[in-house]
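Peer 1: Below is the structure I would like to discuss, written out as structure tokens.
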Amino acid sequence: MTVPHAPVPQVPDLADAPRPTRAFGVYIGRFEPPHQAHLLVMLEALRSVQTLIVVIGSARAARNTKNPFTAQERQDMIRAMLEEAGADIGSAETGRLRFVQVRDHLYDESRWLAEVRGGVQAHVGGSRDVALVGHIKDESSYYLRSFPDWEFLPTHVVSPLSATDVRRAYFAGRLGDVRGMVPPAVHIFLERFRQTPEYAELRADSEALSEARAAWEAAPQPPTFLSADALVSCAGHVLLVRRADRPGRGLLALPGDLLGPKETLLGCAARVVRQLTGLGTALDLSAALRAEATFDHPDRSQRGRVVSHAFHFVLDRETPPELAPGRGESGGGELGGGELGEARWLALSEVLAHPELLFEDHHEIIGRFLSGVTDQS
């Protein structure tokens, strides 16, 4: 069934607006993808500020149906739609439009705030003439109160348009609806992206997630799932598996599973390690346990409310043990290569440097346990 899209917002008449009076404006969002309301907010902001700094969130994350596009792809779409609209933005290096790309840090908001500030500071230098552009519409706009030293510049563009609605229509194949929600330049990108293997994977993930949600529609309330995940480290390496299931097919992940009805959390973690790798049959994983923690951010998983209790096992050996034949590999090959479902040891430095290859928040889980190791991401 086709759901009518929200009406395209209209920017107020700014014909008599004065020339830009503020040096810098900051506009924060995920822009997954940028839509008509985003365009109008940016056009309005460029009437009030000399340089607009667009902060693109959820950078360097694995593609999923909530974050389907890379930060660079979103940056290119934003520049293209502004140029198409006739905005005077100049060159990428010295023009009036600048970009900052920041990663999500679900369990460390202070780090996210610091990365936003640091990225903006790189463009403004020592200037204190910085305004934060936005519209406080719900709890997702909390960050607009997180930079009290930046003047708040409220936008006059108020719209029911949502990138969530755009993505829902896009992955359902309703390109007619999408056309009315996004600027033409963005629609051109989306049409091209639809021909890629990445889109095919994301659409298959979207269908799998829809089927899973449908199975719980009759429940009195959305279910909460509890999983146990195992971080096994040894001699500067960590044990990872390549997901064979959707969503996230092909991404690297910690060995883990939903808690069984007659399992303890520790028993579940040890069981899944044995099943996927063979480790644990000859090694006492319980004796190798060094730490455990719960990861329960409400947005950590697209599969629903999934709470993970993770265990860190440290194997005191000079080299990682061989994995059972047919269940994994002991190393070698590209970080992004390998067969689906395989388990392998990978250098911790390489894993930390490539958050875009890991499933859900597993990169953050690894970083939390191994905080003494330099994070190269």
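Here the sequence shown stands for residues 0 to 376, numbered as in numbering that gives the first Met the number 0.
Every residue gets a Cβ at the ideal spot worked out from N, C-alpha and C, and that includes glycine.
1) Can you list, in chain order, the residues of its chain whose CB lies under 7 Å from that of P183, leaving out five sequence neighbours each side?
2) What are the complete alpha helix (DSSP H) segments, minimum 4 residues, inside the region 28 to 77?
3) Have a look at I187 and A171 and give me their C-alpha separation to the nearest angstrom.
4) Would you kindly report the start and end of the unbroken beta strand (DSSP E) that includes Q377?
5) Excluding sequence positions up to five away, which residues of its chain have a Cβ less than 7 Å from the Cβ of A79?
6) For L174, count the other beta carbons within 10 Å of its own beta carbon; 16 or more makes it buried, fewer makes it exposed. Which is it?
7) Check for me: the alpha helix (DSSP H) holding E291 runs from which residue to which?
8) Relative to the alpha-carbon of H311, which residue among L258, L257, L288 and E150 has its alpha-carbon at the smallest distance?
9) Return helix, strand or coil for A352, following the three-state DSSP convention.
10) Look up Y106 in the DSSP assignment and say whether it is helix, strand or coil.
11) Thinking C-alpha only, which one of S205, R241 and E317 is nearest S232?
12) Take H362 and list the residues in its own chain whose beta-carbon comes closer than 6 Å to its own, dropping the five residues that flank it on each side.
13) Would you grab the beta carbon distance between L275 and P254 for me? Rounded to a whole angstrom, and I think it's under 8 Å.
14) Report buried or exposed for P33, applying the criterion of at least 16 other Cβ atoms within 10 angstroms of its Cβ.
15) Taking the straight line between their C-alpha atoms, what separation do you get for F151 and G94?
16) Does the beta-carbon distance from V132 to V40 come in below 8 Å?
17) For S226, write down the residues that DSSP places opposite it in a beta bridge.
18) Nearest CA to the CA of L160: which residue from A252, R62 and Q35?
19) Rounded to whole angstroms, what's the CA-CA distance from R241 to A211? Just pull it up for me.
Peer 2: In short, the structure shows the following:
1) Counting only Cβ-Cβ distances below 7 Å, and skipping sequence neighbours, we find E83.
2) The region 28 to 77 contains these whole alpha helix (DSSP H) runs: 35 to 44.
3) Taking the straight line joining both Cα atoms gives about 17 Å.
4) With the chain covering only 0 through 376, there is no way to say anything about residue 377.
5) The answer, listed in chain order, is A184.
6) Label assigned to L174: exposed.
7) Taken as a continuous stretch (DSSP letters only), E291 belongs to no alpha helix (DSSP H), being part of the beta strand (DSSP E) at L288 to F294.
8) The shortest Cα separation from H311 among L258, L257, L288 and E150 belongs to L288.
9) Secondary structure of A352 (DSSP, three-state): coil.
10) Y106 falls in the coil class under three-state DSSP.
11) Cα-wise, what sits closest to S232 is E317.
12) P354.
13) With 8 Å as the limit, L275 and P254 qualify as a contact, their Cβ atoms being about 5 Å apart.
14) Residue environment: P33 is assigned as buried (16 or more neighbouring CB atoms within 10 Å of its CB, all protein chains considered).
15) Approximately 23 Å, taken between the alpha carbons.
16) When the beta-carbon positions are compared, V132 and V40 come within less than 8 Å of each other.
17) L257 and S307.
18) A check of alpha carbon separations from L160 across A252, R62 and Q35 identifies Q35 as the nearest.
19) Those two C-alpha atoms are separated by around 21 Å.
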